Amino acid sequence: MSAVLEVAELSTAILTATGARPVVRGVSFAVAAGETLAIVGESGSGKTLTALSVMGLLPDGARVTGGSVRLGDRDLLGLGARERRAVRGAELAMIYQDPTTALNPLMRVGAQVRETLRAHGRSAEAARGRTLEALDEVGLPNPERIARAFPHQLSGGMRQRVVIAIAVSTRPRLLIADEPTTALDVTVQQQILALVDRLRADHGMGVIWITHDLGVVARIAQRTLVMYAGRAVEVGRTADLYRAPQHPYTAGLLGSVPPARGTQRPPLAQIGGQPPDPGALPPGCPFRPRCPQARDRCAATEPPLLARPPQQAACWVPVPEWSRAC
Amino acid sequence: MTGKEIRSRVGGTLLTLLGVSVVVFIVLRALPGDAITAKLGTESGVLDHAQRQALEHYYGIDQPLLAQYFGWLRAVLSGNLGVSADSGQSVTSMLAAALPVTVELAVLATLLGAPAGVFLGVLAAARPGRPRDIGVQGAALLGLAIPEFVLGSVLVAVLASAFGYFPNAGAFVPLTESVSANLGQMIYPAAVLAVAFAAIVMRTTRSAYLEMARADFVRTAQGKGLAPSRVRLRHVLHNAGIPILTIIGIQFGYLLGGTVIVEQIFALPGVGRLLLNAILNHDYAVVQSTVLVIAAIFVLVNLVVDLLYRVLDPRVRIS
Amino acid sequence: MQGTWGRRVATASVALSLGLTGAACSSRSSPTGDAGGQTASTQFVIARTGDIDLLDPHRATAFQTVQTLGLIYGNLVKADSSGKLHADLATEWSYADAGRTVTFTLRQGVRFHNGDPFTSADVKASITRLQDEKTSAVARSNLSGITGVDTPDDHTLVLHLKAADSALLYALSAVNAAVLDAKDIAADTVGKKPNGTGPFSFGSWQQNRDLTLKASQGYWGGAPKLATVIFRIIPDEPSILAGMRAHSFQMATISDPTVAQQVSGDAVTLVKQPALSYHALMLNGRRAPLDKPAVRQAIACAVDRQQVITTVANGDGKVTGPITSPAFDYSATQGLPCTAGDTAKAGQLLAGAGFGPDHPVKLRAIVETGEYATSVAEGQNLQAQLKAIGIQLTLEQEATDSYVKRWLAADYDAAVALNGGSYSPYTMYGRYFTTGGSLGIPAGLDSPDLSALLNRANQETDDAAQHQLYQQVQEKLLELSPWVWLFRGDDYYLLSPTVHGFVPMPNQSLQYLAETSVG
């Protein structure tokens, strides 16, 4: 399968009065068509900012400082604002965590879907038709009635479906989902997961699923990227990662017991200490203070992504050399 | 609106107006002096007892307070707003002449100031902290700091000296007589009022806009690849509408009662001057009835604003 | 009393206007006039800050009302600019019975504006109305000396008085003793549609906007050259000046010296006229330490009156003694126990009364705010001047209504006052300084000598003797110093250079509009 998105050495910094704080530091990954890539990490690891950098939706004060983001054959970072906007929403779409606040409360739901379509060149009539189709695709019953409703008249699950409908109405090549199920209750979570997965399969859409919930990862992601302190620390096929994590952080997240389907793990409890402040990183590997496998070499230089077949991991210490202490 | 809502609204209004009438009545009577001292000043000392009594009877102030109040209230309820103690003119006819002037002034000032304020507020908030924002805020501060009478007097002086033109020299032309002549007289005072109006609306717009701009749905809208102007207007500004509409409504209501300085400088025969002269002359009937009418209009304006809320924000509809 | 709220606005806004109007060239002429059927030469617009309040001359007290109704109505006699009485509706008058009977010969062929012929019956009805309590006429007390009115024929009127009373004739010349049509009185239409014998007839009145008068073609003195006179209300004095500059008005009346100061250039002519009203520091001689004449005299001696005028009114005014009528023009300071401004003598007088730097005189003075432009400035200047001789003057600013209340009750040690003047000294001071006078309380002094002198002067029928007696009244007043008389302020008239024939009057009458022309 061809790569829909190729990110190489993406770096983003937040500009403060005292200087630029790097929050995404040379992250590289690829997403193939029809594939779900999960990006996993604690809060502060830079996963959301990576997604926003790809989308071109960084807040004021944050800026991409290096790297490339290729969607198909174009580097998005080299595009002007107008061209970027033409891509966003049409070929590239993002959905967010809280469906309640993600929709304009004063606009009917159907109009919000139509808006995207109109902005990307559809005629009024085509937009109306496609809106109803999209609402139907995401599993909403009675699309005409729903289209006329305001967000506050719908339940949380329905709202998230609407958000997804907005995102997929233009048949984007890539969908980025930033923890879209965290705010929903468990049953609804499963439904939404299933929905996105089905859309991916039906339309060959690439999906980046950002989460800290490993149960979700196991369920829908073919490949997984683990981030720590703004860097990718392990990347590979999900199954491989789960079976044999090559980085102590991943291992810590997973614990010694492979997760059962659908179980939610609180991984942080298993690793002592705090994630580092991106503005004050210790020299060498940023995970070293919390790492049970730390060596002297780790304090000196930060490890790049090294080949640790079948995945890649940013760790000086190969697994066979790991001590059993956890 | 439901029947219950309408009933409670009307009931509340009547209660408010009643309260206003009592307060005005009391405050007027509490002011030192009366119509006689207002008319005669120190010469009132020349009156002998019989003369004073005759004058008090003429002005209707020899009756006990409660009788004065209820007499007036009864008259108002039957549609008679009273009569000016001196000129004998009915308050209704005085208001019929003066009210349209003030209302027109308030409307013009709003039409000039509100859109300008909203426009400037969005202009400033779209690029917060940049020179544009600082410039707009500085201008607004100036507009608020300069008092109306300075602005108005300077405008009149400049028009006269530099252009040999005094806009209000001729007899006041009501709107019904000639739209162009009337606007020629009203545009300058309306512009003076619009300056402070725009400044206040600009500030509210700016802060409401800034707050709304951080909302999640704005990110969603940007994520759709919408043009920035559409995001600013349909998403941010529309949602910031409620506080902006509120401040516009408040300012308009304030203008209805507060145009007296501009009316003085530009010689407009509006309610502000009418009320001021009546207060100075202790012309009780005029003051009481006029204040009541203004209060009623204010309530009406509030009602309109409330209805507009419902149009603006469908969530309010269903409450 | 003059003045409106507009004054406060004017005062505040003047500073800004000063810079701009002074700098900009003011002689840019652009023809702005009023729309309407009148040609510029016959329409005459007068701008003023306040409107009349009613249409019944017998109840008129506000000066705009008096000014305006004075053009519509006539009196038996009227004063001219020298303060002497001359014929109006009465062509001759004579005294008999030691001044207790006055016989008037009335003018023939005069008609009211509605066509009714003028006869003695109209005068009698007017006087009866004035004396009726129910009318609430302010002139009533001045006419209380009339015991009977006879009308032997249509053109003769005889007044019977309690005693000779020269002030009475002046009282009859006032607008609020105007002659009304007896039919109007009977039909009770007096305050509704003005109908008089004056040079102008009533056209229309839109309250707070415009008042229009039309020339009365049948006026016995000859029809005025101005076909229409319009009084336009422009509440703000700087706006009036701007309008004059823009040639929107032919005439205006203002009272703020700071606005008058800005008149420059050829577009507007400023005419100043000393008023009959006078500025004074009234002293309450019934309270210590002002009950000691020496203390009052010290104050009267210490104050440099010219300095007050220069400070508060840009020098627009005239130092005055008690009597301000031009017909009785006496020295303003003769009678004072010193030369005005002699602080050394003032110090001596104080010391003699037991006061000095270690035992200062402390006085509280009320000052009226919001009525006329110079009140507070006067108070402050007097405060500074009296400080030099060790008198502490504390100012208590009061809004008009509270000021009036305290003034009438003499609830003060001193009062910075602007009191109305009149052509007759007895009218001015009888009510204060005669025993039983209606304003005896604020007079602050009882002096039987002064009372007797005033009454004698009023009853004196010989002009020369009367002149002497009033001079004695003036000097006595200055000697006793119940008050410190300061100055007569100027009334300001703004005229377009095309206006001819207008003569301002000390009592603010506009009667010379009957002879004014434009062109």
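Chains as they are written, first to last, in this note's numbering: chain A, 1243 to 1568; chain B, 6 to 324; chain C, 3 to 521.
All C-beta atoms, glycine included, are put in the ideal place defined by N, C-alpha and C.
Source: prediction; values computed, not measured.
Does the beta carbon of residue i sit closer than 8 Å to a beta carbon anywhere in chain B?
i	result
Pro-1525 of chain A	no
Met-1447 of chain A	no
Arg-1387 of chain A	no
Trp-222 of chain C	no
Val-125 of chain C	no
Thr-326 of chain C	no
Glu-1357 of chain A	yes
Asp-403 of chain C	yes
Val-1329 of chain A	yes
Val-418 of chain C	no
Gly-422 of chain C	yes
Ser-31 of chain C	Note that Ser-31 of chain C scores 35 on pLDDT, short of 50, meaning its location in the model is unreliable; the coordinates nonetheless yield the value given after this. Output row for Ser-31 of chain C: interface = yes.
For residue i and residue j, which I take to be in contact (beta-carbon distance under 8 Å), what is that distance rounded to the nearest angstrom?
i	j	result
Arg-1465 of chain A	Arg-1442 of chain A	Their Cβ separation, rounded to whole angstroms, is 13 Å, which puts Arg-1465 of chain A and Arg-1442 of chain A out of contact at 8 Å.
Pro-1560 of chain A	Cys-1533 of chain A	Between Cys-1533 of chain A and Pro-1560 of chain A the Cβ distance is about 14 Å, and since that is not below 8 Å, they are no contact.
Ala-59 of chain B	Lys-136 of chain C	6 Å
Leu-1426 of chain A	Val-1458 of chain A	Not quite, the Cβ-Cβ distance comes to about 12 Å (not below 8 Å), so this is no contact.
Gln-94 of chain B	Gln-209 of chain C	6 Å
If you draw a straight line from the alpha carbon of residue i to that of residue j, how long is it in whole angstroms?
i	j	result
Gln-1554 of chain A	Val-321 of chain B	55 Å
Ala-186 of chain B	Val-178 of chain B	6 Å
Leu-87 of chain C	Leu-171 of chain C	8 Å
Gln-110 of chain C	Ala-184 of chain C	17 Å
Asn-509 of chain C	Ala-466 of chain C	24 Å
Thr-149 of chain C	Thr-335 of chain C	39 Å
Ala-412 of chain C	Ala-165 of chain B	46 Å
Arg-490 of chain C	Ser-279 of chain C	6 Å
Met-1469 of chain A	Ala-1332 of chain A	28 Å
Thr-463 of chain C	Gly-337 of chain C	25 Å
Ser-122 of chain C	Ala-272 of chain B	44 Å
Gln-476 of chain C	Phe-435 of chain C	12 Å
Ala-277 of chain C	Ile-151 of chain B	37 Å
Asp-90 of chain C	Tyr-428 of chain C	22 Å
Ser-424 of chain C	Phe-330 of chain C	11 Å
Ala-165 of chain C	Ser-511 of chain C	29 Å
Leu-260 of chain B	Val-276 of chain B	11 Å
Do we get a CB-CB distance below 8 Å when we pair residue i with the residues of chain A?
i	result
Leu-231 of chain B	yes
Gly-17 of chain B	no
Asp-221 of chain B	yes
Arg-224 of chain B	yes
Short of 6 Å in beta carbon distance, which residues of its chain neighbour residue i, apart from the five on each side in sequence? Order them along the chain.
i	result
Ala-119 of chain B	Val-206, Ile-253
Gln-473 of chain C	Tyr-332
Ser-519 of chain C	Lys-227, His-502, Gly-503
Gln-387 of chain C	Val-305
Ala-169 of chain C	Ser-426, Tyr-428, Thr-429, Asn-460
Closer than 7 Å by C-beta to residue i: which residues in its own chain qualify, once you throw out the five before and the five after it? Chain order, please.
i	result
Arg-1473 of chain A	Arg-1267, Gly-1268, Val-1269, Ala-1556
Identify, in the order they occur along the chain, each residue of the same chain with its Cβ nearer than 8 Å to the Cβ of residue i, setting aside the five sequence neighbours on each side.
i	result
Leu-23 of chain B	none
Per DSSP, what are the beta-bridge partners of residue i in this structure?
i	result
Ser-203 of chain C	C:Lys-216
Ser-95 of chain B	B:Val-88
Arg-113 of chain C	C:Pro-119
Ile-1418 of chain A	A:Met-1336, A:Ile-1450
Lys-478 of chain C	Answer by DSSP bridge pairing: none, since Lys-478 of chain C is not bridged.
Asp-152 of chain C	C:Val-160
Counting only C-beta atoms, is residue i closer than 8 Å to chain C at any point?
i	result
Tyr-170 of chain B	yes
Asp-67 of chain B	no
Glu-109 of chain B	no
Glu-48 of chain B	yes
Ala-195 of chain B	no
Taking 7 Å as the cut-off, is the C-beta of residue i nearer than that to any heavy atom in the ligand ATP?
i	result
Ser-498 of chain C	Inclusion of the ligand ATP in the displayed structure is not the case, the ligand content being empty and no account of it being possible.
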